[in-house]
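Accompanying notes for the structure given below.
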Amino acid sequence: MILTDESDRAFDFSEGTGGTEGTASNDGASSGSLSEKAEGAKGTALVPEAKHPEIERPTFRVYDHPVKTLCGSYSAGVWWHGTKEEKGKPVDYDKRVCSPLHVEAVTSSDGVDFGRLLRFRNTLANWREWAMPMQLLKGSGEDMRGELLNMGVEIDPDAFKLLNRYIQGQHPKRHVIAATATGWHSPSLFIMPRQNIGKGEAIYQSETANFDDYRQAGTLEGWQAEIGTRCAGNPLLMLGVCAALAGPLLSPLQRQGGGFHIFGDSSTGKSSAIQAAASVWGHGEQFKRTWRATGNGLEGIAAQRKDTLLALDEIGEADPREIGAVVYSLANGTGKARAGRTGAARVTRSWRVMLFSSGELGLSAHMAEGGKRSRAGQEIRLLDIPARRAFGAWDELHGLPGGREFSDAIQRASVTHYGHIGPNFIRKLLECGEAGDLPAVLAKLCESYPSGSGQESRAAERFAIVAMAGELAIEWGLLPAPAGAAHDAMLVLFDAWRKSRGQGQGEDATIRTSLCDFISRHGDALFSELGGDAIVRDRAGWWKDEGERRVWLFTPEGLRRAVPGFDVTRILDAVAAAGWITEHNPGKRAKRVKVDGRNASLYHLAPLEV
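Put into structure tokens, the structure is as follows:
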């Protein structure tokens, strides 16, 4: 096909011809790094309106504008010019299939994932492109038609078979590499739905052309003024933004994914931190997701977020019985192996992604609510960080009157200025050629973290990766903060993580965290003052004050309920190691106390974190 100007045009696709070979977009609707080359195009030539010859049937033709031919007048669209028999004689007939739609190129990736690059005009007269997987044409092609209708293509309801026949009958000579996932396609090319960053030719191919979570609005300068500058003095906000920027570093560093989970009381600003992180790549509210999804659903989202950020809010909405396996899957970057209808294994999805999560409970405490015991491997893949700063999740309010006002300002900014700093970070990474130096920089940063066990070393490395992303963004003028601010913030949070974890190997810390969370949530409902006359249903124990500390007197059953998944002996080992047992009878860990006229053996505990 040879493109000229915007005059009326007709494209002839007689059955058996090459179709829309080599079409290049001349309407500004090209996607990413696709070259717009008219030279070498070898399809059917454009025929000016006044010179339309008689149509050779049967054939498909595409008219970008209404035209008149020797055979009649036709509105803009794809037309089938065929013949049929009436009373034993061939009779010409014409059928409009859909609004203007061109098949520009064949797409594929390593000999599979074949598709067609479609260029079409929607209901608003705007031209769009979509790299459509050919698998959507299976059966009646209903999946493909649904997507085209959703994007504004007008399809004649009686012509769907002709539409399938038209698309499958086009075999343009132009071939474009299909990228079936966002992220790094090669060391020099980063794929996004609407743009490519770097060198190389490929196009993002998806089952839906409306997948565009990586949207932009506002300006980079607006984001810097309203979110970026407020990271200074706020370690959790700095963590969210820098974790979002760290996603593209995982592949060059050859590191698995993993992430951070900030937890604490409701309405403290945790969700605002999640939205700030999401605004690095897209709309602050829409780019984030919640944990309220199946494991399979979260795998699909993670694959769409490859090499960037998976921001998940409200861990309490996840099934506590399944979340442990989901954390393993998301961090390891491999979906479940599944069989197709023939029994053969399907290609499993894979990804590298940085996670940033929030909720009222930590991972281990949430799993305990479902009677599950968290494993050290799960806890190290999703690091629990308490969101207990000076003003909820914040330390520095930057002139605003309170934590709520600060949170509101961050949320407003995240849906006004978004989607700029992430792509610009990748551009700088490619322009500066920093990727080869990253391992050495990371090793140097890791030396700053006082880690003891192997688990702590793994956690320290993740904090260091996030710090490195932040410091690069500061150096490149993308994140308006003093040099060293990201590194210092990550050291603060690493220390907070260690203290929250108890600096143990995981299980003791899980027990102690669950116990503290139980007291925080149920202290008023399931306990009453020792010696008082309060009636408590489902009592877990009593409490008494000793000076400035409160001692919690647990019944054995109350202790089991507080830390499900562990027996009482194991629970007591963990709290004894932390020095939380305040009183006990000789040779015992409980102390006999008279309550309600009878003696009861109660465990006297004074958790330091409550």
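For the record, in the sequence shown the residue sitting at position 270 is 270 according to the UniProt record's numbering, with numbers rising by one throughout. All C-beta atoms in this analysis are idealised placements derived from N, C-alpha and C, irrespective of residue type, glycine included.
Quiz item: Excluding the five sequence neighbours on either side, which residues of its own chain have a C-beta within less than 8 Å of the C-beta of residue 115, listed in chain order?
Solution: 106, 107, 108, 131, 132, 133, 134, 178 and 205
Quiz item: If you run the structure through DSSP and keep just helix, strand and coil, what is residue 513?
Solution: helix
Quiz prompt | Spatially closest choice to residue 119 from 144, 104 and 55, by CA coordinates | solution = 104
Quiz prompt | Among 253, 262, 60 and 498, the one whose alpha carbon lies nearest that of residue 386 | solution = 262
Quiz item: If you draw a straight line from the C-alpha of residue 306 to the C-alpha of residue 181, how long is it?
Solution: 7 Å
Self-check item: Buried or exposed by the 16-neighbour rule on C-beta atoms within 10 Å, applied to residue 348
Solution: exposed
Quiz prompt | C-alpha distance - residue 220 paired with residue 196, whole-angstrom precision | solution = 18 Å
Quiz item: When we look at the beta-carbon of residue 624 and count the other beta-carbons within 10 Å, is it buried (16 or more) or exposed?
Solution: Residue 624 cannot be examined here, being either before or after the span of the chain that is shown, 1 to 610.
Exercise. Please work out which residues of its chain come closer than 7 Å, Cβ to Cβ, to residue 27, disregarding the five sequence neighbours upstream and downstream, and give them in chain order.
Key: Residue placement at residue 27 cannot be trusted, given a pLDDT of 32 that sits under 50; the coordinates are not used to answer.
Quiz item: Quick one: what does DSSP say residue 80 is sitting in, helix, strand or coil?
Solution: strand
Exercise. Measure the alpha-carbon distance for residue 74 versus residue 95 and round it to whole angstroms.
Key: 10 Å
Quiz item: Helix or strand or just coil, what does DSSP make of residue 227?
Solution: coil
Quiz item: What's the C-alpha gap between residue 559 and residue 453?
Solution: 29 Å
Practice problem: Within 10 angstroms of the Cβ of residue 45, are there 16 or more other Cβ atoms? Answer buried if so, exposed if not. | Solution: Interpretation of residue 45 is limited by its pLDDT of 36, a score under 50 that renders its predicted location unreliable; the figure taken from the coordinates is listed afterwards. Exposed: under 16 other Cβ atoms inside 10 Å.
Quiz item: Less than 8 Å separating the beta-carbons of residue 230 and residue 410?
Solution: yes
Quiz item: Buried or exposed: where does residue 81 fall if 16 or more other Cβ atoms within 10 Å of its Cβ makes it buried?
Solution: buried
Quiz prompt | CA nearest to the CA of residue 408, picked from 554, 113 and 269 | solution = 269
Quiz item: In terms of residue numbering, what span does the beta strand (DSSP E) encompassing residue 261 cover?
Solution: 258-263
Exercise. May I ask you to list the residues that DSSP assigns as paired with residue 184?
Key: 190
Exercise. Excluding the 5 residues preceding and the 5 following residue 145 in the sequence, name in chain order all residues of the same chain whose CB lies nearer than 8 Å to its CB.
Key: 155, 160 and 163
Self-check item: residue 103 CB to nearest heavy atom of the ligand PLP below 7 Å
Solution: Ligands are entirely absent from the displayed structure, and the ligand PLP is therefore not among its contents.
Quiz item: Taking the alpha carbon of residue 412 as the point to measure from, which residue in 253, 457, 354 and 286 has its own alpha carbon closest?
Solution: 286
Quiz prompt | Limits of the unbroken beta strand (DSSP E) element including residue 105 | solution = 101-109
Practice problem: Classify residue 604 as helix, strand or coil using the three-state DSSP reduction. | Solution: strand
Quiz item: When you compare each of 236, 217, 525 and 563 to residue 284 by their alpha carbons, which one comes out closest?
Solution: 217
Quiz item: Going by Cα to Cα distance, which pick from 584, 207 and 569 is closest to residue 551?
Solution: 584
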